[in-house]
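For what it's worth, my numbering labels the leading residue of the sequence shown as 225, then goes sequentially. Presented below is the structure to which this report refers.
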Amino acid sequence: MKEAAGGIMRAALAAADPRAAVLASIAVRPASGGATLVSRGVERPFGGRLLVAAVGKAAPGMTTGALEALAPLADRIGPGVVVMPRGHACRLGPAGAGFEIHESGHPVPDGSGVAAARRVIELVDAMRGDDLLLFLLSGGGSSLLPLPAEPVSLADKAAVTSLLLASGADITEINTVRKHLSAIKGGRLAARCRGSIETLAISDVVGDRLAFIASGPTVPDPTTFSDARSVLERYRLLDRVPPAALAMLDDGAAGRLPDTPKTLPDRHHAAVIASNRTAVDAAADEARRRGFTPCVLTTSLTGEARE
225 MKEAAGGIMR AALAAADPRA AVLASIAVRP ASGGATLVSR GVERPFGGRL
275 LVAAVGKAAP GMTTGALEAL APLADRIGPG VVVMPRGHAC RLGPAGAGFE
325 IHESGHPVPD GSGVAAARRV IELVDAMRGD DLLLFLLSGG GSSLLPLPAE
375 PVSLADKAAV TSLLLASGAD ITEINTVRKH LSAIKGGRLA ARCRGSIETL
425 AISDVVGDRL AFIASGPTVP DPTTFSDARS VLERYRLLDR VPPAALAMLD
475 DGAAGRLPDT PKTLPDRHHA AVIASNRTAV DAAADEARRR GFTPCVLTTS
525 LTGEARE
């Protein structure tokens, strides 16, 4: 039984492996006057450079998989930026020799994360119209890539994050607030991009909604300033959050600030390539192969672990 349980667990982990998930999702080929990225069967032709940005706890593995898949176009790969939690290992090999690696704070954002966010913005702002950015996103990205919208400070945003974590708010609620205090979350990063973006995400949120994975910097945002304010009200935090943060949410809810983008140009695409469900399905398949009759109770359980 112990051997079977171990085999089932290994199958689950292998199915959600970041490197393997990216390798299974993309391929490239040269084309006349440019190249084509094939992402989950969809062709994305481009004539310029192929840039890479990876943000999240799975960033090292996702980047490794991407570099393997992109090897036929090594001469077209432009700058690359990898942002991961402090203390994680990242060995990209010769193919990633020109990539910048940033270590940031998690789960509470810090100054190194701000520096990383500014570098990602520089990467995006330098793109030409015929460039393509492969954006590799995974859990933890909200904390790892903080860039508060002025006049909110990093200390303000960190305080809000800490209060929400302590209150028992779930990741969807936390990210609803975070993206409305951010200069790049909730689709704002994609909104400033002149080129095209292909986002591949590994989900750590129930429901696998792209807008809530790492606060969705490259996808449209369905939430509003009013939603963010309601989260603070629900957990009785309105009188505890920093004044600058509350003022921004109040101004946004009153229509005095532009909300996050609700639509983005068609040249930006995004897809979830692995999730909790991926691992659960693989575990069930392996259990079945070993002669068991698996029963998946749920893949959407939420709540406080201590309860």
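The C-beta atom is built at its ideal place from N, Cα and C for all residues, glycine as well.
- In the DSSP secondary-structure assignment, PHE323 is not bridged to any residue.
- In this structure, GLY258 is the residue among LEU405, MET351, THR517, GLY258 with its C-alpha nearest to the C-alpha of ARG300.
- For GLY258, the enclosing beta strand (DSSP E) has its first and last residue at 258-263.
- Boundaries around SER420 are those of the beta strand (DSSP E), 420-426, since no alpha helix (DSSP H) includes it.
- According to DSSP, VAL306 shares a beta bridge with ALA278, ILE325.
- CA-to-CA, the gap between ALA503 and ALA293 works out to about 22 Å.
- Closest by C-alpha distance to THR287, out of PRO269, ASP463, ALA313, is ALA313.
- A distance below 7 Å between beta-carbons, with the five flanking residues on each side excluded, links ALA415 to the following residues of its chain, in chain order: PRO485, LEU488.
- Ranked by how close their Cα comes to the Cα of LEU247, the residues GLY230, MET225, ALA295 have ALA295 in first place.
- Within the same chain, GLY285, THR288, GLY289 come within 6 Å of ARG243 by CB-CB distance, once the 5 residues on both sides are set aside.
- Nearest neighbour of VAL443 by Cα position, chosen from VAL262, LEU424, ILE325, turns out to be LEU424.
- Annotated three-state conformation of ILE301 is strand, per DSSP.
- Considering only VAL348, LEU237, LEU368, PRO375, the residue with the shortest C-alpha distance to PRO331 is LEU368.
- Judged by beta-carbon spacing, GLY311 lies beyond the 9 Å limit of GLY363, meaning their Cβ atoms are not closer than that value.
- Segment contact: the segment 264-275 against the segment 326-346, fewer than three CB-CB distances shorter than 8 Å; contact not assigned.
- At least 9 Å separates the beta-carbon of GLU327 from that of PRO303.
- For ALA295, no alpha helix (DSSP H) run applies, since DSSP gives it neither H nor E.
- Taking the C-beta atoms as reference points, ARG514 is found no nearer than 9 Å to GLY230.
- Rounded to the nearest angstrom, the gap between the Cα atoms of THR400 and GLY431 is 15 Å.
- Here ALA407 has LEU371, ALA373 as same chain residues with Cβ atoms under 6 Å from its own Cβ, once five neighbours each way along the sequence are excluded.
- Straight through space, the alpha carbons of MET233 and ALA435 are spaced by roughly 29 Å.
- DSSP places PRO333 in the coil class of the three-state scheme, outside both helix and strand.
- Nearest Cα to PRO441 within the set VAL348, PRO482, ALA238: VAL348.
- Taking C-alpha positions only, LYS403 is separated from LEU456 by approximately 14 Å.
- Sixteen is the threshold: when 16 or more other Cβ atoms of the shown chains lie within 10 Å of the Cβ of ASP445, as they do, the residue is buried.
- C-alpha of ALA350 to C-alpha of LEU275: approximately 11 Å in a straight line.
- Under the DSSP assignment, GLU397 falls in the alpha helix (DSSP H) whose first and last residues are 395-403.
- The bridge partners DSSP lists for ALA498 are ILE426.
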